[in-house]
Every structure is written in structure tokens, then in C-alpha cells.
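Going by mature numbering (1 follows the signal peptide of the UniProt record, and there is no 0), the letters in the sequence shown line up with residues -35 to -1, 1 to 164, in that order. Taking it in order: structure first as C-alpha cells, then the write-up.
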Amino acid sequence: MIRKQIDRRTLLGRAASLAAAASLCNCGLGNSARAADGVQPMLPSLKPGAPRLEPVNFQLVGPGGTALSLSTMRGRPFVLHLWATWCPPCRLELPALNTFIEKTGSTVPVIPVAVASPMPKVMVFLAQGNLPHIAPWTLGQHEFSQWFTSGEPSLPMTCVIDAQGRMRASVEGEMAWAAPESQASLQKILSDLQASKPA
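Structure (C-alpha cells):
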């Protein structure tokens, strides 16, 4: 009887963990942002609008306890890409993003962040996938939820962050990182935000 109770609690715990993951990813529920005909185009999906949410000030965690505060990015617009090791659409998208970052470098700054994904799993996943240009930054689900107060998001999610740290556009689902116009499109979006007056 004791064994059965323990097994049941273990199963319930695992179910709760899966439910928490599904709240972010919606994977396998027919609500994934992966389009039937492929991925979403860069434009007009990421056309900046009015500022939303509070400025991002995440304290990202990297390998060996390294840290990066997104508040240090103030003064320059950038792209924030949120993914997770347990999210199938994220896994499909990352190789194209890895190539995009390799080609563009600092011209189009992209900060990938693994949400609710333990660092050991992130490191193994990136190594096995041969994704050297995806920086292994991580963020807890609680910290993410405190900032993203606009409902339950689906991962992957790509956000345009302005020079004041505010989200100006976001898209849930895979983006067309490999499209010929992707670099020029994002570069123009970020340049326009840099040149514009604070909204």
C-alpha cells in the first residue's frame, strides 16, 4: 500500500510538471504556433508598436554561475528569443537561429534564453545539436512569469526590445530565420527603434 501511494504521488508530481511546461509551450495540444505551411515570416510579424510590459531586467544565469542582467543592454535595441529544451517547436527552430546568429553577429543582436530549463540539460542539448552560437543563458519560469503578465505565452517566442528595455513587438512560434530578407528586416527594425525618440 505504501509503495502504491508513493508511486501515485510521483505520477501526480510528474503530471503537474508536464502541465506547467504545457502552459508555456502548448506543445501537442494543437495550439502550437508552428504554422501548417512552415514558419512565420519576419515581417510584418515583428513590426514595433506601443511599449508593452515593464522594461526587462532579467538576471540571466549562464554556465559556471556566470550572470547577465538585461538591464545592461539599455541604450541599444535587441531581440530576445525565448525557448526551452522540452519544447519541440523550439528544437526545430534553433538550428536556423544558430545559423542566423553566426552570420549576423553583433549587427543584429539576438539574446537566446532557455526558460524553465536546467543548465545541465541546456548544455547537453546545445552540444548534441551542434549549436555553438546559441548562448546558454537560462531563466526560471517564475522570473519570466513576473515580467510577462499578458497571459500564457507559447514558446518559442521572439521579442523586439527597444533601447529603454521595453517590449515593442513579439511573435509566438517559429520565425523565418533562414529567409533571405531576415537579416535586413531585423536590422532595419532595430535601427529604426534606435533612431526614434522614446515612445
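The beta-carbon is built from N, C-alpha and C at its ideal position, and this holds for glycine as well. Remember, it's a predicted structure, so these values are computed and weren't measured experimentally.
Option in the options with minimal Cα separation from residue i
i	options	result
residue 82	71, 161, 28 and 144	28
residue 84	32, 150 and 13	32
residue 78	88, 115 and 145	88
residue 71	160, 161, 48 and 152	152
residue 132	25, 26, 38 and 30	38
residue 34	108, 125, 145 and 53	108
residue 53	36, 134 and 120	120
residue 94	123, 63, 114 and 115	63
residue 105	24, 96, 65 and 15	24
residue 15	144, 150 and 129	129
residue 67	97, 90, 55 and 51	97
residue 160	17, 42 and 20	42
Local Cβ density within 10 Å of residue i, reported as buried at 16 or more and exposed below that
i	result
residue 57	exposed
residue 44	buried
residue 49	buried
residue 13	buried
residue 141	buried
residue 40	exposed
residue 139	buried
residue 134	buried
residue 114	exposed
residue 137	buried
Delimiting residues of the alpha helix (DSSP H) encompassing residue i
i	result
residue 124	Per DSSP, residue 124 belongs to no alpha helix (DSSP H); it is in the beta strand (DSSP E), 122 to 126.
residue 62	53 to 69
residue 156	147 to 160
Where residue i sits in the DSSP three-state scheme
i	result
residue 108	helix
residue 23	coil
residue -2	For residue -2, the pLDDT reaches just 43, beneath the cut-off of 50, and the residue's location in the model is therefore unreliable, although a value from the coordinates is still provided. Residue -2: coil per DSSP, three-state reduction.
residue 33	strand
residue 134	strand
residue 114	coil
residue 96	coil
residue 91	helix
Identity of the residues DSSP links to residue i by a beta bridge
i	result
residue 77	46
residue 84	The partner list for residue 84 (beta bridge, DSSP) is empty, contrary to what the question assumes.
residue 17	132
residue 103	26 and 79
Contact test: residue i Cβ vs the ligand HEM heavy atom, cutoff 7 Å
i	result
residue 60	No copy of the ligand HEM appears in this structure; indeed no ligand is present at all.
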